[in-house]
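Colleague: Below is one structure. I have some questions about it.
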Amino acid sequence: MARKLYVGDLSLEVVHPHAAGIDIGNQAHYVAVPPDHDNKSVRRFGCTTAELKDMAAWLKHCQIRTVAMQSTGVYWIAVYDILEAAGLEVYLVNARETKNLPGRKSDVQESQWLMKLHTYGLLRNSFRPPQEIRTMRTYWRQRNDLIRSAARHVQRMQKALTQMNIQLANVLSEVSGVTGQAIIQAILTGERDPRKLAAFRDKRVKASEEEIARSLEGNWQEDLLFMLKQEQDGYEFCQKQMSECDERLQQYLRQKEDRSKGAELPEENRKERLRKKKTNKPRFDLRTELFRMTGTDLTQIDAIDVRTAATVISEAGWDMSKWPTEHHFVSWLRLCPDNRVSGDRVIGKGRLPINNRLTVALKIAASTLRQSNTYLGAQFRRLKTRLGPPIAIKAMAAKLARLVYRMLRYGMRFIDRGAEFYEAQHRWRQINSLKRKAAAFGFKIVDAPAA
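Numbering (numbering that gives the first Met the number 0), first residue to last: 0 to 450.
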């Protein structure tokens, strides 16, 4: 018999009686408080620092204890910092989870709607790392942005060379290497002789001087040479700024507390790591600084190099207690399934939008396991065969996230048991599965005699 619905069932419990809502904007912010806290329950404040301080003072005067706002662009950051400094609890919420009813969209109504949702405890607070992690994140994100900018300059340099039929990209792995940069610098200083340019070949380059010389026979055009010079200058400027970022990051990390407790950094003996091409690597020993700051060497995990480890620390920090379990951490990264369930049945699967830099970094790291002769590499190849590359990459990124969580939260060590161990373990599971299936039909699996 269906249960009757009473009016009392429709009431919501007040969780935050002293809550406010703020609609964040570019030129103004609208703040709503409960009607019984002030005669004017909605006020408009500008975006200057003085007006934001007035906002904080008014909220304190209204005896507001917690405030909810949407993560709109970067406009919320200054408001968040000032309200947090004033002692208010600030909820930063995803705008996708606070949609109002159709036809009720205005700045005043939006702030009142946020206040109402927050009053009844219907909003989830977003994770924001502490200030010391945010400072590191600023330096590290700026460095990664410079890497992308430098890559765009290199692409346009290749475009200018190709338009002049200088096929340097066909004989060199990258024009930003030692040989490529030496040749481009000579071209920009006026050298046009292909053989003299080919003499800048580094001994490690596989192509011969004759092959390089043939690729340097082109039609030199002044407009394209001008474009090449500008892109080369832009590339060098990005490299200079990256060096400054490294210096500032190194100084900042050295000021942090030593959490290694006198432990020694494990020596890197893996040949594939030692042979790995270190493009855009930091100009200081970042691995040692991260170990000293966290007391854990995340690079011991296969597929996680020092740049991925730095992304983990700069985006999530080293305090994993913010997430009760590793499953919460994986969910925050949106590496978990988005199953749509109805009637205890999965009726569909969605794809969660991802704008988390740590998620992207872990997926890139997981994709490097394709040829890895390790336990994780064997597991990735098995998943790739069964589920396809995209799902396998996502699943292994979630695996890496769990390993990171365990090492930072519980101080566990990662030990690679090798691809052979995984294959033997998988074979043992397959045999046991066949035995169970055979037993269900009244059969018995017998080991074949050795030939």
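Note that beta-carbon positions come from the ideal geometry of N, C-alpha and C, so glycine has one too.
Could you tell me the alpha carbon to alpha carbon distance between Tyr5 and Leu11, rounded to whole angstroms?
Modeller: In this predicted model, Tyr5 has a pLDDT of only 47, less than 50, meaning its place in the structure is not dependable; the value taken from the coordinates is given anyway. Looking at the two C-alpha atoms, the distance is approximately 13 Å.
Colleague: Would you call the segment 190 to 198 and the segment 116 to 125 in contact, with 3 or more CB pairs under 8 Å?
Modeller: No contact exists between the segment 190 to 198 and the segment 116 to 125.
Colleague: Note down the Cα distance separating Phe420 from Gln429, rounded to an integer number of angstroms.
Modeller: Taking the straight line from one Cα to the other gives about 14 Å.
Colleague: Just confirm the distance between the C-beta atoms of Ser105 and Ile21, as a whole number of angstroms; I'd bet it's less than 8 Å.
Modeller: That belief does not hold up - the Cβ atoms of Ser105 and Ile21 are roughly 14 Å apart, past 8 Å.
Colleague: Should Asp415 and Thr373 be called a contact, given that it needs their Cβ atoms to be closer than 7 Å?
Modeller: Cβ distance < 7 Å, so Asp415 and Thr373 count as in contact.
Colleague: Where do the N-terminal and C-terminal ends of the beta strand (DSSP E) with Asn338 fall, by residue?
Modeller: Taken as a continuous stretch (DSSP letters only), the beta strand (DSSP E) holding Asn338 covers 337 to 341.
Colleague: Between the C-alpha atoms of Met0 and Ser341, what's the straight-line distance to the nearest angstrom?
Modeller: Note that Met0 has pLDDT 38, beneath the 50 cutoff, so the model's placement of it is unreliable and the number below is only indicative. Straight-line Cα distance between these residues: approximately 21 Å.
Colleague: How long is the line joining the alpha carbons of Pro389 and Ala212, rounded to whole angstroms?
Modeller: Near 42 Å, if we compare the C-alpha coordinates of Ala212 and Pro389.
Colleague: Near Ile76, which residues of its chain fall below 6 Å by C-beta distance, leaving aside the five closest residues on each side in sequence?
Modeller: Cβ within range, chain order: n/a, list empty.
Colleague: According to DSSP, what are the bridge partners of Gln69?
Modeller: Its beta-bridge partners are Val92.
Colleague: Assess contact between the segment 154 to 169 and the segment 125 to 135, defined as three or more Cβ pairs (one per stretch) separated by less than 8 Å. Is contact present?
Modeller: As far as the Cβ criterion goes, the segment 154 to 169 does not touch the segment 125 to 135, which means the pair count is below three.
Colleague: I'd like the span of the alpha helix (DSSP H) that includes Gly376, first residue to last.
Modeller: Its alpha helix (DSSP H) spans residues 374 to 386.
Colleague: Do you know offhand how far Arg401's Cα is from Ala438's?
Modeller: Each residue's alpha carbon lies about 36 Å from the other.
Colleague: Taking Cβ positions, are Ala56 and Gly45 nearer each other than 7 Å?
Modeller: Cβ distance not < 7 Å, so Ala56 and Gly45 don't count as in contact.
Colleague: Using 10 angstroms around the beta-carbon of Leu433, count the other beta-carbons present and answer buried if the total reaches 16, otherwise exposed.
Modeller: Flag for Leu433 reads exposed.
Colleague: Tell me, please, whether the segment 201 to 210 touches the segment 221 to 230 by the rule of three or more beta-carbon pairs shorter than 8 Å.
Modeller: No, the segment 201 to 210 is not in contact with the segment 221 to 230.
Colleague: Can you name the residues that DSSP bridges to Tyr29?
Modeller: Answer by DSSP bridge pairing, in chain order: Asp22, Arg43.
Colleague: Exposed or buried, which one is Pro193 when buried takes at least 16 other CB atoms within 10 Å?
Modeller: Counting Cβ neighbours within 10 Å, Pro193 comes out buried, since at least 16 surround it.
Colleague: Look at the alpha carbon of Asp245 and the alpha carbon of Gln141, and state the distance between them as a whole number of angstroms.
Modeller: Using only the alpha carbons, I get a separation of about 10 Å.
Colleague: Can you tell me whether Leu252 is buried or exposed? The criterion is at least 16 other CB atoms within 10 Å of its CB, across all chains shown.
Modeller: Leu252 should be labelled buried.
Colleague: Going straight from the alpha carbon of Asp201 to that of Asp296, what length do you get?
Modeller: Their backbone Cα atoms lie some 35 Å apart in a straight line.
Colleague: Decide if Gln250 is buried, meaning its Cβ has at least 16 other Cβ atoms within 10 Å, or exposed.
Modeller: Label assigned to Gln250: exposed.
Colleague: Apply the 10 Å Cβ neighbour rule to Tyr234 and answer buried if 16 or more other Cβ atoms are within range, or exposed otherwise.
Modeller: Buried.
Colleague: Which partner residues of Lys348 appear in the DSSP bridge assignment?
Modeller: Answer by DSSP bridge pairing, in chain order: Asn338.
Colleague: Using a Cβ-Cβ cut-off of 7 Å (strictly less than) and excluding sequence neighbours within five positions of Leu285, which residues of its own chain qualify?
Modeller: Cβ neighbours of Leu285 beyond the five flanking positions: Val305, Ala309.
Colleague: Classify Arg191 as helix, strand or coil using the three-state DSSP reduction.
Modeller: If DSSP states are grouped into helix, strand and coil, Arg191 belongs with coil.
Colleague: Would you check if the distance between the CB atom of Leu357 and the CB atom of Glu314 is smaller than 7 Å?
Modeller: Going by C-beta atoms, Leu357 is nearer than 7 Å to Glu314.
Colleague: Taking His17 as the reference, give the member of Ile63, Thr97, Trp427, Ala423 with the closest Cα.
Modeller: Comparing Cα-Cα distances from His17 to each of Ile63, Thr97, Trp427, Ala423, the minimum goes to Ile63.
Colleague: Figure out for me which residue from Gly217, Thr97, Ile312 has the closest Cα to the Cα of Gln135.
Modeller: Going by the sequence as given, residue 135 is Met instead of Gln. Of the listed residues, the one whose Cα sits closest to Met135 is Ile312.
Colleague: To the nearest angstrom, how far is it from the Cα of Glu263 to the Cα of Gly410?
Modeller: Cα-Cα distance, rounded: 14 Å.
Colleague: Less than 7 Å between the beta carbons of Thr307 and Ala377, yes or no?
Modeller: Cβ atoms of Thr307 and Ala377: not closer than 7 Å.
Colleague: State buried or exposed for Ala69, treating a residue as buried only when at least 16 other CB atoms are found within 10 Å of its CB.
Modeller: Ala is not the amino acid found at residue 69; the sequence shown has Gln there. The residue in question, Gln69, is buried, as its Cβ has 16 or more Cβ neighbours within 10 Å.
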